[in-house]
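Participant: In the working numbering, the protein residues as written are 146 to 433.
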């Protein structure tokens with residue numbers, strides 16, 4: 146039986162890529178199907194928008210890709226760090242000092258997520274490389290901001306120690322920059338999946354509320370600042386679980402799970418509106 150399967154596989158016509166045409170080589174169909182295999186159902190082929198790979202639009206998997214999908218690693222690093230910091234913002238179990246988030250921010254949310262971003266660059270995913278590397282930079286910079294050795298936010302002998310309002314305004318400007326970046330990335334996800342859009346939307350709102358909290362504190366509106374902090378913590382928790390959801394979608398496949406997470410596309414996405422001719426041709430090659 147296995148010999149027959151091998152014969153049938155060998156009889157399939159090769160799939161020749163553009164690079165292969167130039168080099169005079171052909172990529173076997175079986176290799177292409179294997180290398181473009183991703184978690185979830187076959188509906189994910191060929192390269193449809195998908196949060197599990199941080200791909201916001203129709204894309205074509207690398208042929209003969211040697212690297213695994215780095216998106217789940219980066220998403221988990223972000224989600225875990227965001228969850229811990231958001232719990233502090235919500236003052237869960239009476240914890241108010243954010244210093245517990247420093248090691249998480251520097252290592253898992255920062256360094257590891259930057260590595261995942263570089264690996265996204267290696268597999269040709271511009272959006273994933275930009276998002277993961279940027280948020281890895283956020284977590285590392287935020288960890289440095291909170292670290293006592295750097296003395297940036299110290300109320301005793303830091304650069305803003307004599308003016309708390311200036312410190313809060315500076316932190317507000319810092320978070321506003323990340324709010325703007327997240328808005329830019331959010332605009333790039335609007336033709337993807339509901340879970341993908343939800344991740345960046347909740348994260349965007351978390352940055353917005355936390356920036357407004359800092360600005361409110363800078364002008365003495367402490368009661369308003371507390372409410373904004375709680376709102377930022379709630380949206381941070383939602384963003385963390387959305388990141389975990391997309392990471393799980395990227396990790397699950399037929400070899401390790403008995404079920405698959407549902408993929409709901411935005412009404413105007415390429416999947417919902419139907420694939421174009423080019424994408425249908427690639428799909429035929431996958432199922433030939």
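Yeah, the Cβ is synthetic: ideal placement off N, Cα and C, and Gly gets one too.
1) Taking residue 223 as the reference, which of 302, 276, 354 has the closest Cα?
2) Does residue 334 come out as helix, strand or coil in the three-state DSSP assignment?
3) Given that a residue counts as buried once 16 or more other Cβ atoms are within 10 Å of its Cβ, and exposed if not, what is residue 367?
4) When the Cα of residue 243 is compared with those of 265, 323, 292, 260, which residue comes out closest?
5) Going along the chain, which residues of its own chain have a beta-carbon closer than 8 Å to the beta-carbon of residue 295, five neighbours each way excluded?
6) Note the first and the last residue of the continuous alpha helix (DSSP H) segment covering residue 278.
7) Going straight from the alpha carbon of residue 214 to that of residue 370, what length do you get?
8) What span of residues does the alpha helix (DSSP H) with residue 362 cover, start to end?
9) Determine which residues share a DSSP beta bridge with residue 410 and list them.
10) Would you grab the beta carbon distance between residue 377 and residue 351 for me? Rounded to a whole angstrom, and I think it's under 8 Å.
11) According to DSSP, is residue 152 part of a helix, a strand, or is it coil?
12) Distance check for residue 356 and residue 321, CA to CA, integer angstroms please.
13) Examine the Cβ distances between the region 325-344 and the region 269-283 and report whether three or more of them are shorter than 8 Å.
14) Beta-carbon within less than 7 Å of residue 249's beta-carbon, same chain only, minus the 5 sequence neighbours each way: which residues are those?
15) Could you work out which residue in 236, 283, 231, 344 is closest to residue 391 when comparing CA atoms only?
16) Tell me whether the region 232-247 and the region 395-410 touch, counting them as touching only if at least three CB pairs, one residue from each stretch, are closer than 8 Å.
Facilitator: On the basis of the coordinates in this document:
1) For the set 302, 276, 354, the Cα lying nearest the Cα of residue 223 is the one of 276.
2) If DSSP states are grouped into helix, strand and coil, residue 334 belongs with coil.
3) Label assigned to residue 367: exposed.
4) Of 265, 323, 292, 260, the residue nearest in Cα terms is 292.
5) A distance below 8 Å between beta-carbons, with the five flanking residues on each side excluded, links residue 295 to the following residues of its chain, in chain order: 289.
6) Counting along the chain, the unbroken alpha helix (DSSP H) around residue 278 starts and ends at 271-291.
7) Their Cα atoms are separated by approximately 40 Å.
8) Segment 339-363, the alpha helix (DSSP H) holding residue 362.
9) Note: residue 410 sits in a beta bridge opposite 338.
10) The pair is a contact, with the Cβ atoms about 5 Å apart (cut-off 8 Å).
11) Confidence in residue 152 is poor, its pLDDT being 42 and thus under 50, which makes the residue's placement unreliable; the coordinate value appears in the next sentence. Three-state DSSP puts residue 152 in a helix.
12) Answer to the nearest angstrom: the Cα atoms are 6 Å apart.
13) Output reads yes: the region 269-283 touches the region 325-344.
14) These residues qualify, in order along the chain: 225, 226, 229.
15) Answer by Cα proximity: 344.
16) No contact exists between the region 232-247 and the region 395-410.
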